[in-house]
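Enquirer:
Residue numbers (the working numbering): 28 to 87.
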């Protein structure tokens with residue numbers, strides 16, 4: 028027979044099973060790179076063209 032939803036028995040709660048995660052392993056440290064691009068070079072690559080553009084587009 029078809030019963031309305033309110034007459035149904037509530038579904039049983041799911042059983043909580045313990046969850047096991049693998050042990051954390053820190054990543055191996057990367058060796059220091061020699062001769063890499065310095066942060067100063069990156070700063071200059073951004074600021075110098077910006078300053079040139081500001082000077083060139085300045086109203087006269």
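Virtual Cβ for every residue (Gly too), placed ideally from N, Cα, C. Predicted model, so just to flag it, every value in this text is computed and none were measured.
Would DSSP call residue 46 helix, strand or coil?
Expert: The answer is coil: DSSP assigns residue 46 none of H, G, I, E or B.
Enquirer: Hey, quick one: how far does the alpha helix (DSSP H) through residue 39 stretch, first residue to last?
Expert: Premise fails: residue 39 is in no alpha helix (DSSP H) and is neither H nor E.
Enquirer: Helix, strand or coil, according to DSSP, for residue 58 in the structure here?
Expert: Residue state, collapsed to three classes: coil.
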